[in-house]
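Reviewing the structure listed below.
Protein chains: 2
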Amino acid sequence: MAAKKQPPLRDRQITSRILISAVGSLLAKKGFKGLGVNAVAREAGVDKVLIYRYFDGLPGLIAAFAQQEDFWPSPVEMAGGDLARFSKLPLDKKLSLFAASFIQALKKRPLSRAIMAWEMIEPNELTEELERVREERIMAFFQMFFAKDHTGIDLQALVMLVGAALSYLVIRSDNIDIYGGLDLATDQGWDRITSVVNMIIQQMVTPE
Amino acid sequence: MAAKKQPPLRDRQITSRILISAVGSLLAKKGFKGLGVNAVAREAGVDKVLIYRYFDGLPGLIAAFAQQEDFWPSPVEMAGGDLARFSKLPLDKKLSLFAASFIQALKKRPLSRAIMAWEMIEPNELTEELERVREERIMAFFQMFFAKDHTGIDLQALVMLVGAALSYLVIRSDNIDIYGGLDLATDQGWDRITSVVNMIIQQMVTPE
DNA sequence: GACTTATGTCACCGATAGGTGATATAAGCA
DNA sequence: TGCTTATATCACCTATCGGTGACATAAGTC
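Chains as they are written, first to last, in this note's numbering: chain A, 1178 to 1385; chain B, 1178 to 1385.
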């Protein structure tokens, strides 16, 4: 909640930033359910008409919000923090590290999870753009490090399947503790998940 | 849209059914976005107070709706249609058949997908009940057919991981065509997915 | 027939939604 | 200084939300 009874700032830049960050905090607090012009303006401690004036409405404001945040993990983050080291690893180690980094990256981004969930129910211009960026990023990463396999397996399908599973489970962990008997609320539960992922990787990329 | 100017039916059973089916059609038409007491009553052509009287509110009505619909695939459906035959299969065949059946079951249930997506963004009393039923069902199925493995692998984690991946991908296919380079809009794309799933199963449950 | 109960409609409540026009005032410029 | 413009607030609009109390009427019971 921002302060309210100071004299108004009369600084479009700052006010815009306040509005943008209000989107973030509101999103974190209430999710997309509570995301409306009135609520955002209230959260920012600013009149809602400014949303229309500065951003041409809520979609514009959200678009501005999305641009300044690092929603999707960067390639270096998905590679565990060190691209050079990552590129020298054998394929199975690469995949394991990628999976673990992916989980961590998602776990630390509640807003990204909220948006991923949002995309599933309300596809619109905004989520389309976010989706496009994400697809682009993940494909670039894949091309860079996993493209030239000749093992005969469909590495892309494998990676994306695991990515899909991990995405789903991390998103679900916001709402439920148990999924199919797996405990999504504890490290032990996640150890089971990473273990089975690593086992799959072992079995798949080092045949026999 | 139900008829409106007939004399009222004065039949609780029928009126209740009208309300319940109104939930379904409204959900199909507008998604959960437009799902409220007013909207449901309007769709049913009936006064909204009956929702409170007969179902003790919208959560109760939705719970009633959920019970009569086959949201979640039954064990027999997940077993490919024939439980006896299924139970005689070797473990890897069981798993493959389960995966394929699971995809088909989800693909033919747009309402289930919508609700699954809903659960991710708006956990509430309504979705909690639905979630509980689903967890129960899937655990019962797992216990029945996959519980007694002695292969040393975490079969439960494997099954749930694959289930999570498939759930995510089918839900996403409602909104996007391409996920991580996988074509979710064509049978060929899904063939890639089922192939890699089957390969994982082969590698995991029949070591060497 | 008279009475009770169940079924249903209607009118209304306060809260909140998205959206707009009028107004105050500070800042920039001549 | 005086004028214009940008910044921000305020008051208000209509629509809809979830929810409730009062009332009409048909059905069932004695």
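For each residue, glycine too, the CB sits at the ideal point set by N, CA and C.
The structure displayed is predicted, hence computed values, not measured ones.
- As far as DSSP is concerned, Tyr1231/B takes part in no beta bridge.
- Only exposed fits Ser1372/B, as fewer than 16 other CB atoms lie within 10 angstroms of its CB.
- From the listed residues Leu1204/A, Thr1192/A, Lys1271/A, the smallest Cα separation to Tyr1231/A is found for Thr1192/A.
- Here Glu1306/A is exposed. Its C-beta has fewer than 16 other C-beta atoms within 10 Å.
- Residues of the stretch 1347-1359 of chain A whose Cβ lies closer than 8 Å to any Cβ of chain B, in chain order: Ile1348, Arg1349, Asp1351, Asn1352, Ile1353, Ile1355, Tyr1356, Gly1357, Gly1358, Leu1359.
- No Cβ of chain A is located within less than 9 Å of the beta carbon of Ala1240/B.
- Residue contact with chain B for Met1321/A: absent (no Cβ-Cβ distance below 9 Å to any residue of chain B).
- When Cβ-Cβ separations below 9 Å define contact, Lys1270/B makes no contact with chain A.
- DSSP places Leu1272/B in the uninterrupted alpha helix (DSSP H) bounded by 1268-1284.
- For Trp1249/A, the nearest beta carbon of chain B is not closer than 9 Å to its own beta carbon.
- Chain-order list of chain B residues neighbouring Trp1295/A: Ile1298, by C-beta distance under 8 Å.
- If you draw a 10 Å sphere on the C-beta of Met1337/B, you find 16 or more other C-beta atoms in it, and that means buried.
- For Lys1206/B, the enclosing alpha helix (DSSP H) stretches over residues 1189-1207.
- The Cβ atoms of Leu1186/B and Val1217/B lie no closer than 9 Å to each other.
- The three-state reading of DSSP puts Asp1360/B in strand, counting E and B together.
- In this model, Gly1358/B and Ser1344/A are separated by some 16 Å (Cα to Cα).
- For Leu1212/A and Leu1204/A, the gap between their C-alpha atoms comes out near 7 Å.
- Out of Leu1266/B, Ser1264/B, Gln1244/B, Ala1294/B, the CA that lies nearest to the CA of Ser1350/B is found in Ala1294/B.
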